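For reference, the structure discussed in these notes is given below.
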């Protein structure tokens, strides 16, 4: 396994992060525990979850118990001991409403306190390595947010803080407020980022690099569209619905060219998509969210894929990206 530091922090994390969103809704607890065991065997020490994960998916029976269920699955795995918690850099998130009453969501000082304690209980641990704001809260001032975080850090409940789905100016705003308080601020940002979805290159990635914030891309395969979807479609192994199906039809020529190029390189499409992210200088670790063991096994292969400048240029031709703003649209 390859390791790097998370943003400007001294924290060492694996170049792949295990996403756990499927644990509970789509993956049984027993299989989730096996996947986490396998992740450690591969050397993956970085696990990502959220307090809201665990809702049952439509059409899936027998799995999922509601918000918080995924954290509980992870907590019961930690409780088995054997160094499981100690070997894991644990990331979770706060923002989503966990109930119907006021102050059961967002980033008020009250919700941060309650949500953090609830996550610690479910995860059966006394601290969170990386506590992430799942979304920006425009209604709560940063002074209040950072004060609540400072209290939790002083109590030893949080070590590092990150964000998710922030705009570039939100990162700048958060870091400026943290600097005024003399606190460390954000060390990571978790955006959607992949070959098909590259808008963060305009402002989010430049802001993150400037402030020493590591990028943790979610949906690195764009819901499977970059994982060989056309071949699976031809083999009748996968049929997309909803937004994914619409995106496939709108961008089918690009995806066809991409799968053909991956075949020329001698790699699986999904391996190329993950490897491309690992070649981006702002990226710390793509978040891979396996539903079954095979998905994790496949993801690890990407660590051995090397893309030269010619291959990277060809991928940019197939999926054009963005230059830093304002150069992209003004110069």
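Numbering (the numbering used here), first residue to last: -19 to 311.
Just so it is clear, CB atoms sit at the ideal spot from N, CA and C, and this is done for glycine as well.
What you are looking at is a predicted structure, and each value in this text was computed from that prediction instead of being measured.
Buried or exposed for residue i, going by 16 or more other Cβ atoms inside 10 Å?
i, result
"residue 300", "exposed"
"residue 190", "exposed"
"residue 233", "exposed"
"residue 113", "buried"
"residue 80", "exposed"
"residue 83", "exposed"
"residue 309", "exposed"
"residue 27", "buried"
"residue -18", "exposed"
"residue 216", "exposed"
"residue 51", "buried"
"residue 274", "exposed"
"residue 170", "buried"
"residue 4", "buried"
"residue 117", "buried"
"residue 286", "exposed"
"residue 65", "buried"
Is the separation between the beta-carbon of residue i and that of residue j shorter than 8 Å?
i, j, result
"residue 270", "residue 15", "yes"
"residue 167", "residue 35", "no"
"residue 279", "residue 268", "yes"
"residue -2", "residue 19", "yes"
"residue 9", "residue 53", "yes"
"residue 142", "residue 71", "yes"
"residue 165", "residue 154", "yes"
"residue 183", "residue 305", "yes"
"residue 107", "residue 61", "no"
"residue -7", "residue -16", "yes"
"residue 74", "residue 111", "yes"
"residue 31", "residue 98", "yes"
"residue 123", "residue 158", "no"
"residue 6", "residue 24", "no"
"residue 248", "residue 208", "yes"
"residue 48", "residue 102", "yes"
"residue 214", "residue 251", "no"
Quick one: what's got a C-beta closer than 6 Å to residue i's C-beta in the same chain, skipping five residues either side?
i, result
"residue 139", "109"
"residue 38", "Legend: pLDDT at residue 38 = 45, less than 50; position of this residue unreliable, value from coordinates given subsequently. There are no such residues."
"residue 194", "-14, -13, 168, 264"
"residue 104", "55, 58, 59"
"residue 321", "Nothing in the structure corresponds to residue 321, since the chain is present only between -19 and 311."
"residue 185", "262"
"residue 13", "57"
Enumerate in chain order the residues of its own chain whose CB-to-CB distance from residue i is below 7 Å, with the five nearest sequence positions on each side excluded.
i, result
"residue 295", "175, 256"
"residue 260", "none"
"residue 199", "172, 174"
"residue -11", "140, 167"
"residue 187", "148, 151, 152"
"residue 210", "235, 236, 239"
"residue 77", "84, 85"
"residue 227", "205"
"residue 203", "224"
"residue 95", "31, 74, 78"
Can you list, in chain order, the residues of its chain whose CB lies under 8 Å from that of residue i, leaving out five sequence neighbours each side?
i, result
"residue 41", "Residue placement at residue 41 is flagged as unreliable, the pLDDT there being 49, under the threshold of 50; the coordinate-derived value follows with that caveat. Answer for residue 41: no residue qualifies."
"residue 93", "128, 131, 132"
"residue 292", "256, 259"
"residue 284", "none"
"residue 100", "106, 107, 108, 137"
"residue 177", "199, 202"
Which residues does DSSP list as the beta-bridge partners of residue i?
i, result
"residue 111", "72, 141"
"residue -2", "27, 268"
"residue -16", "-7"
"residue 198", "172"
"residue 263", "195"
"residue 177", "In DSSP, residue 177 forms no bridge with anything."
"residue 166", "141"
"residue 3", "7"
Verify the contact flag: residue i, CB atom, against every heavy atom of the ligand GDP, threshold strictly below 7 Å.
i, result
"residue 55", "As presented, the structure is devoid of all ligands, the ligand GDP included, so that no description of it is given."
Of all Cβ atoms in chain B, is any one closer than 8 Å to the Cβ of residue i?
i, result
"residue 195", "Among the protein chains of the structure shown there is no chain B, as only one such chain exists."
Contact the stretch 117 to 132 vs the stretch 83 to 99: 3+ CB pairs below 8 Å
Segment contact: the stretch 117 to 132 against the stretch 83 to 99, three or more CB-CB distances shorter than 8 Å; contact assigned.
Can at least three beta-carbon pairs, one atom from the stretch 227 to 247 and one from the stretch 140 to 150, be found at a separation below 8 Å?
Flag = no, the stretch 227 to 247 and the stretch 140 to 150 do not touch.
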